[in-house]
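Okay, structure first, notes after.
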Amino acid sequence: MQVSVETLNDLERRVTVQVPAERVAKEIQDRLLSLSRRVKVDGFRPGKVPMKMVKRLYGDQVRYEAVTELMESSLHEALIQQQLNPLGGPRIEPRNLQEGQDLEYSATFEVMPEFQPTGFDTITVERPVAEVADQDVDDMIQNLRRQRGSWNVVERPAGEGDRVRIDFTGRIDGEEFPGGKAENTEVVLGQGTMLKDFETPLHGLSAGAETEFDLTFPADYGSAEIAGKTARFHVRLHAVEELTLPEVDDEFAAAFDVQEGGIAALRQSLRENMERELRDGIKNQVKRQVMQGLLKANAVPLPRVLVEAEIENLARQLRLPMDKDDERSRQLKTQLFDAEARRRVALGLIISRIATTQQIQIGEQQVHDYLQSVAATYQDPGEVVHWYEKNPQAMEGVRALVLEDQIVDWLLQQAQVTETPSTFAAVMAPPKPAVADAESESATGEQESSA
């Protein structure tokens, strides 16, 4: 058997296999002999059907099965011989299937990229240093009061913090536009759910009032069709509502399952939860910076087959009703998830290689401790642990997270880490998109295989 390998690009290989005609003929003959012993043909006893008749009746089918089996087995041999490990199913292209001649075909596929992670000492991390202050607990209690507050109609002009019920219609160049019209919609002034230039004209209006104003959408507005354009809005205000907050007393504490100790016990419970959230928030901020640094320092060629699989995974997680074989669905999924999929695949490859080269391993005790820490945030920790232990796939996810944490700890020993004073609110604020993310995603994306 002859085997040749072509390198089409960094990740794509084409293996050409030539199987001798003698091996093909023997495989076909063996199958015909086996078939002749059990085939049933009218007028002949089992096992006594002439080979010539067996060939005439079943020759094409037997040859097809033999060639298919030979392709599978010979490709397996060729991959072992050449020490190649395809990602995904190879694309098979027959080249010569003529009877009496050598069987020849090619298999094209992607392989894992060969690279050595580097630049660990160039990773810069700002580790926030913060604690849960009394004011943070006060703010949390105030948030809980708002959650349990009640909205009551008031006969006065609307102000900051009030909820208004409105109809509005927006027009650009005299024409209505998608999303520019609503009826009986509720807006809490100052909450930021609407553009500030939309909310400001509503201040001072009372029930029954109407107003018109111009609003220019930001250039980076989410809808490209109206970004940067000026709309004329007509608004009618139906009602102004004021939020009435509950008293902070034992009854309020009992609403949060604090049966003894009143507000003092509630504050202690909140502080403990907030301290755990703060630790997790600091850990996540540090981890996010480490990952950004890894991506920036390592431009990894990305196998397209892995990126496409991750795109499908992200679509499944969001339960998007998309047909895998529909071209429009594929384009939409790529548009929505390609950047995040490339980021995840790149990080997965880098982390896996670091674990291998640095021989970083995890023990079952570490997995157990991590699982216990996760379960502790639920009402029934034992049930949570039991669920994980009965779901192998979920446990693999836990092990992957533990390994990732171990690698982050190792990287922090190589990175440039500085401590920065911060606050609970700052740590818990949603992360802002980093320029480094976009740069690193672009760098990894440019090196994808063209398969």
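In this note's numbering, the protein residues as written are 93 to 543.
In this text, a Cβ means the ideal position worked out from N, Cα and C, and glycines have one as well.
Note that the structure is predicted; figures quoted are calculated from it, not measured.
For residue i and residue j, I'd like the C-alpha separation in whole angstroms.
i      : j      : result
ASP152 : THR160 : 12 Å
LEU100 : VAL490 : 37 Å
VAL340 : ALA447 : 51 Å
ALA535 : GLU164 : Confidence at ALA535 is low in this model, with a pLDDT of 39, below 50, so the placement of that residue should be treated as unreliable; the coordinate-derived value is given next. Distance between the alpha carbons of ALA535 and GLU164 is about 37 Å.
LEU297 : GLU333 : 12 Å
VAL494 : ARG155 : 52 Å
ARG248 : THR292 : 17 Å
GLY251 : LEU335 : 12 Å
ILE443 : ALA433 : 15 Å
VAL146 : SER166 : 26 Å
GLN360 : ILE452 : 39 Å
ALA401 : ARG436 : 11 Å
VAL527 : GLU104 : Low confidence applies here, because VAL527 scores a pLDDT of 41, under 50, leaving its location unreliable; read the following figure in that light. Between VAL527 and GLU104, the C-alpha separation is close to 31 Å.
TYR131 : LYS118 : In the sequence as displayed, the identity of residue 131 is Val instead of Tyr. About 19 Å.
LEU358 : GLU367 : 14 Å
SER542 : THR449 : Bear in mind that the predicted position of SER542 carries a pLDDT of just 38, short of 50, making it unreliable; the figure below should be weighed with that in mind. So the two alpha carbons sit approximately 28 Å from each other.
PRO523 : ASP372 : 14 Å
GLY353 : MET520 : 28 Å
ASN376 : ASN365 : 16 Å
ARG411 : ASP213 : 40 Å
GLU533 : GLU98  : Its pLDDT being 41, under 50, GLU533 is placed unreliably in this model, and the coordinates cannot settle the point.
PHE305 : LEU294 : 10 Å
ILE120 : ARG187 : 19 Å
GLY135 : GLU185 : 42 Å
ASP312 : THR285 : 16 Å
TRP403 : GLU343 : Inspection of the sequence shows that residue 403 is occupied by Ile rather than by Trp. Answer to the nearest angstrom: the Cα atoms are 49 Å apart.
Are the Cβ atoms of residue i and residue j separated by less than 8 Å?
i      : j      : result
VAL392 : ALA346 : no
LEU504 : VAL246 : no
ASP254 : LEU281 : yes
ARG123 : ALA158 : yes
PRO310 : ARG240 : no
ALA222 : SER465 : no
THR469 : ARG219 : no
VAL116 : LEU162 : yes
PRO205 : LEU441 : yes
SER315 : GLY266 : no
TYR89  : LEU127 : Since the first residue of the chain shown is 93 and the last is 543, residue 89 is not available in this structure.
HIS326 : ALA299 : no
ALA507 : ILE215 : yes
GLN174 : VAL95  : yes
What are the boundary residues of the beta strand (DSSP E) that residue i is part of?
i      : result
GLU566 : In the structure as shown, the chain begins at 93 and stops at 543. Residue 566 is therefore absent and cannot be evaluated.
LYS140 : Careful: LYS140 lies outside any beta strand (DSSP E) and carries neither H nor E.
ILE184 : 179 to 188
ASN390 : No beta strand (DSSP E) holds ASN390; DSSP gives it neither H nor E.
GLN94  : 94 to 99
SER242 : 242 to 245
ALA331 : 322 to 336
ASN276 : 267 to 280
PHE212 : Note, PHE212: premise wrong, no beta strand (DSSP E); not H, not E.
SER444 : That residue, SER444, is in no beta strand (DSSP E); its alpha helix (DSSP H) goes 419 to 449.
Whole-angstrom Cβ separation of residue i and residue j, contact assumed at under 8 Å?
i      : j      : result
VAL476 : ALA467 : 4 Å
VAL224 : LEU370 : 6 Å
ALA389 : THR510 : So it is not a contact: roughly 18 Å between Cβ atoms.
PHE429 : LEU463 : Going by Cβ atoms, the distance from PHE429 to LEU463 rounds to 29 Å, so no, they are not a contact pair.
GLN498 : ILE454 : 6 Å
On the DSSP letters alone, give me the boundaries of the alpha helix (DSSP H) that residue i sits inside.
i      : result
PHE344 : 342 to 346
ASP544 : Only positions 93 to 543 of the chain appear in the structure, and residue 544 is not among them; the question remains open.
TYR462 : 456 to 467
ASP122 : 113 to 130
Can you find at least 3 beta carbon pairs, one from the stretch 195 to 202 and one from the stretch 104 to 114, that sit closer than 8 Å? Contact between the stretch 195 to 202 and the stretch 104 to 114 is present, with at least three C-beta pairs closer than 8 Å.
Given 8 Å as the limit, is there contact between the stretch 275 to 286 and the stretch 250 to 260, that is, 3 or more CB pairs closer than that? Short answer: they touch.
The stretch 176 to 189 touching the stretch 199 to 216, judged by at least three CB pairs closer than 8 Å: Using a C-beta cut-off of 8 Å, the stretch 176 to 189 makes contact with the stretch 199 to 216, since at least three inter-stretch Cβ pairs fall below that distance.
Would you call the stretch 225 to 234 and the stretch 387 to 403 touching, i.e. three or more CB-CB distances under 8 Å? The stretch 225 to 234, when compared against the stretch 387 to 403, does not touch it at the 8 Å Cβ threshold.
I'd like to know if the stretch 501 to 519 and the stretch 370 to 386 are in contact, where contact means that at least 3 CB-CB pairs between them fall below 8 Å. Yes, they touch.
How about the stretch 347 to 361 and the stretch 311 to 321: do they share at least three Cβ pairs that are nearer than 8 Å? Because the criterion of three Cβ pairs below 8 Å is not met, the stretch 347 to 361 and the stretch 311 to 321 do not touch.
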